[in-house]
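Asks: This is the structure I have questions about; it appears just below.
Residue numbers (the numbering used here): 10 to 346.
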């Protein structure tokens, strides 16, 4: 098996030059880079990860944490309908730069903090998916200056930033859409109360109601988890009111649970009540009727996460938060009045 010394000898350059080529360092001339890469491919050279980390002071590993909310029974899973496309997006970006992902389980967070896990596994950075700001041990982690990017949680610190969608504007898009269809009695089934996305969407929801001169009815606004079960329970709660909304805005999984409750009440979508979602997960096209929703560009969000984290790791100056625009996808779950 060829070593880095063999590659250096064959190409007639120093081992440090070969190392710089392997790490895509800009100081190597295009001609030398091409020459070294050709020899690497010809010799089928594969750099040793341990040796590489000793040379570069990097492990080329990124830690990934998924949220858990015991009070709402929400636990993150890798096959999560929303996050799987985001994960694919940053996996592509990080993979192109030679990084691997390490998924940290939540099972022993009581014994090991976020900081402990990152230090013990020597990761170069961390990605947090769907956490709330008041998560235990999170404040301690932020003080450690470990490069990190949060998804859908607007947290910033030294060497820490976040990526999210334009949630306030997205909620406004939903209300505007319903308003232009003639709806004036609009309800909202919210997500997890302490989460940034839920806070931003209720802000956009309220702001747009005010702009359109519509009334905010607290009986039609219910908080909970991003789940079908919560959607089912909350929709039943709303339909028990004497005065009912003509339209509901909610996240997609919540909408699927709401569908069931509406049908069990002997009502039809959209004839009796319109529903508009948020996310545009795959199932939106397959439910009956297909769900009109606000699309988040999840793959684009994921790529933004990967790019931003690499910039933080490399001490780039601009690590400003990134907000990815949303757009409406019209299907068949809303009607004109």
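Positions of the beta carbon are idealized from the N, C-alpha and C atoms, including for glycine. What you are looking at is a predicted structure, and each value in this text was computed from that prediction instead of being measured.
1) For residue 185 and residue 200, what's the separation of their Cα atoms in angstroms?
2) Drop a sphere of 10 angstroms on the beta-carbon of residue 271, count the other beta-carbons inside from all chains shown, and report buried for 16 or more, exposed for fewer.
3) Report the rounded CA-to-CA distance for residue 152 versus residue 124, giving the unit in angstroms.
4) Taking only the alpha-carbon atoms, compute the straight-line gap between residue 39 and residue 146 and give it to the nearest angstrom.
5) Might you give, ordered along the chain, the residues of its own chain that have their beta carbon closer than 8 Å to the beta carbon of residue 87, omitting 5 neighbours on each side?
6) Pairing CB atoms from the region 163-171 with CB atoms from the region 218-227, are three or more of them under 8 Å?
7) So who's on the other strand from residue 169, going by DSSP bridges?
8) Tell me which residue opens and which closes the beta strand (DSSP E) that residue 191 is part of.
9) Do residue 234 and residue 298 have their beta-carbon atoms positioned less than 8 Å apart in this structure?
10) Here's the rule I'm using: 16 or more other beta-carbon atoms within 10 Å means buried, otherwise exposed. How should residue 100 be labelled?
11) Residue 263 lies in the beta strand (DSSP E); which residues open and close that run?
12) Suppose you measure from the CA of residue 274 to the CA of residue 247; what does that come to, to the nearest Å?
13) Output the distance between the C-alpha atoms of residue 51 and residue 174, rounded to the nearest integer angstrom.
14) Of all the options 251, 334, 294 and 194, which has the alpha carbon lying nearest to the alpha carbon of residue 282?
15) Identify every residue that forms a DSSP beta bridge with residue 112.
16) According to DSSP, is residue 240 helix, strand or coil?
17) Quick check: the Cα distance between residue 103 and residue 339, rounded to an integer number of angstroms?
18) From the DSSP output, read off the bridge partner residues of residue 288.
19) Residue 187: which of 332, 150, 218 and 212 sits nearest, CA to CA?
20) Quick check on residue 148: buried or exposed, where buried means 16 or more other Cβ atoms within 10 Å of its Cβ?
21) Assign residue 333 to one of three DSSP states: helix, strand, or coil.
22) Hey, residue 228 and residue 250: beta-carbon distance below 8 Å or not?
23) Closest by CA to residue 243, which one among 267, 21 and 45?
24) If you reduce the DSSP assignment to three classes, tell me which class residue 21 lands in.
25) Cβ atoms of residue 177 and residue 139: under 8 Å apart, would you say?
26) Is the separation between the beta-carbon of residue 255 and that of residue 303 shorter than 8 Å?
27) Starting from residue 222 and walking both ways along the beta strand (DSSP E), at which residues does that stretch end?
28) What did DSSP end up calling residue 324 once you bin it into helix, strand or coil?
Replies: Considering the structure as presented:
1) 20 Å
2) buried
3) 10 Å
4) 46 Å
5) 75, 93, 96 and 112
6) no
7) 157 and 166
8) Careful: residue 191 lies outside any beta strand (DSSP E) and carries neither H nor E.
9) no
10) buried
11) Segment 261-273 is the alpha helix (DSSP H) holding residue 263; no beta strand (DSSP E) there.
12) 11 Å
13) 44 Å
14) 194
15) 73
16) helix
17) 34 Å
18) 304
19) 218
20) exposed
21) strand
22) yes
23) 267
24) coil
25) no
26) no
27) Note, residue 222: premise wrong, no beta strand (DSSP E); not H, not E.
28) coil
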